[in-house]
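First the structure, in the form of structure tokens, and then the observations on it.
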Amino acid sequence: MTARRPSLLYVTDLAYQARGRRYCDEDIFLSSRLRADFDVALCHPLDAAALMGRFDAVVVRNSGPVLHYQKEYDAFREQAAMLGTRIYNPLTGRADMAGKQYLLDLTAAGYPVIPTVDQPQALERLPASDRYAVKPKAGADSIGLSFVSREELEDLAYGGILVQPRIDFRYEVSFYYVDAAFQYALHAPAPDRRWVLEPYSPTEADLAFARSFIDWNTLDHGIQRVDACRTQEGDLLLVELEDLNPYLSLDHVSEQTQNTFVTSVTDSLHQFLMATA
């Protein structure tokens with residue numbers, strides 16, 4: 000008798016219009032490849048809570064910024080915890096999954112991150128800059144991002160915002176991980192064209208930088224993306240640690256890299272199911 004294949008509820012918003020990215024193409028590709036090992040059904044994030052009890056695990060992929068449906072997302076998390084539903088990535092992430100507090104925590108702990116504060120009395124800790132980035136703590140996908148002068152910082156409504164100096168960087172680079180294993184890296188050579196990406200060959204120092212944040216997050220299973228910028232001085236600074244639904248830009252890597260990534264995710268999901276059985 001043939002053993003029953005594990006079933007996955009693959010959560011994605013195929014219609015979400017992301018700047019410079021096509022969520023639908025990436026999720027059609029990845030979900031189709033996962034069908035080699037799993038029974039897979041796709042659903043919109045607003046349908047996940049009603050459907051997830053019928054599957055062995057829920058895979059949250061390109062589901063869009065949760066701030067567009069925060070109440071429903073919070074209910075999804077609460078129900079998953081109550082029922083013991085297996086969610087991939089696990090909901091124990093300490094980075095974007097839990098909001099932007101981690102940028103404050105990493106700044107306080109001395110990690111190489113763009114300096115971040117959330118109180119007016121802490122502004123003196125920021126390096127001098129001609130402009131400052133202001134973003135909501137619950138933000139995502141640059142929603143609510145604005146830039147202000149030093150003088151304007153005093154008049155901001157603090158409580159739900161973060162403030163960072165605007166960094167003059169050479170380029171942005173992203174490192175992609177499955178569990179704790181590095182998969183590939185991509186960079187955007189032009190600072191003003193974030194999603195025009197090219198393959199990037201990281202140095203050992205680059206990988207040590209990225210791995211330090213993967214280790215900090217302590218997720219045993221899942222897909223993560225470490226976003227960084229290269230300063231004019233040559234240093235890397237963390238921009239974002241995405242552990243909820245990181246876009247993977249798989250259309251910018253070779254077929255061999257795609258195949259390796261799919262194998263890594265497939266193996267990770269099998270291990271996740273066994274570890275949480």
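When you line the sequence shown up against numbering that gives the first Met the number 0, it's residues 0 to 276, in that order. Every residue, glycine too, gets a C-beta built ideally from N, C-alpha and C. None of the values given here were measured: they were computed from a predicted structure.
For this session: From the DSSP output, in three-state form, read off residue 210 for me.
Result: helix
Exercise. Buried or exposed: residue 119, going by 16 or more other Cβ atoms within 10 Å of its Cβ?
Worked result: exposed
Problem set entry | Within 8 Å, strictly: CB atoms of residue 71 and residue 45 | In this structure, residue 71 lies near residue 45, with their beta-carbon atoms less than 8 Å apart.
Exercise. In whole angstroms, what separates the C-alpha of residue 249 from that of residue 150?
Worked result: 42 Å
Exercise. Are residue 111 and residue 237 touching if we call contact CB-CB under 8 Å?
Worked result: yes
For this session: Let me know the secondary structure DSSP gives residue 25 once reduced to three states.
Result: helix
For this session: Tell me, please, whether the segment 162-173 touches the segment 254-266 by the rule of three or more beta-carbon pairs shorter than 8 Å.
Result: no
For this session: Would you mind working out which of 220, 15, 246, 52 sits nearest residue 81, comparing C-alpha positions?
Result: 52
For this session: Output the boundary residues of the alpha helix (DSSP H) element that contains residue 259.
Result: 254-274
Problem set entry | Straight-line Cα distance separating residue 229 from residue 152 | 25 Å
For this session: Assign residue 159 to one of two classes, buried (16 or more other C-beta atoms within 10 Å of its C-beta) or exposed (fewer than that).
Result: exposed
Exercise. When DSSP builds the beta bridges, which residues end up paired with residue 185?
Worked result: DSSP output for residue 185 lists 173, 198 as bridge partner(s).
Problem set entry | Beta-carbon proximity check, residue 185 vs residue 197, cutoff 8 Å | yes
Exercise. Given residue 244, which residues of its chain have a CB within under 7 Å of its CB, disregarding the five upstream and five downstream residues?
Worked result: 59, 60, 61, 62
Problem set entry | Stretch-stretch touch, CB-based, cutoff 8 Å, three pairs: the segment 205-218 with the segment 86-96 | yes
For this session: Ignore the nearest five residues each way along the sequence and tell me which others in residue 23's own chain have a CB closer than 6 Å to its CB.
Result: Cβ within range, chain order: 13.
Problem set entry | Per DSSP, the bridge partner or partners of residue 38 | 6
Problem set entry | Residue interval of the alpha helix (DSSP H) (run including residue 134) | Boundaries around residue 134 are those of the beta strand (DSSP E), 131-135, since no alpha helix (DSSP H) includes it.
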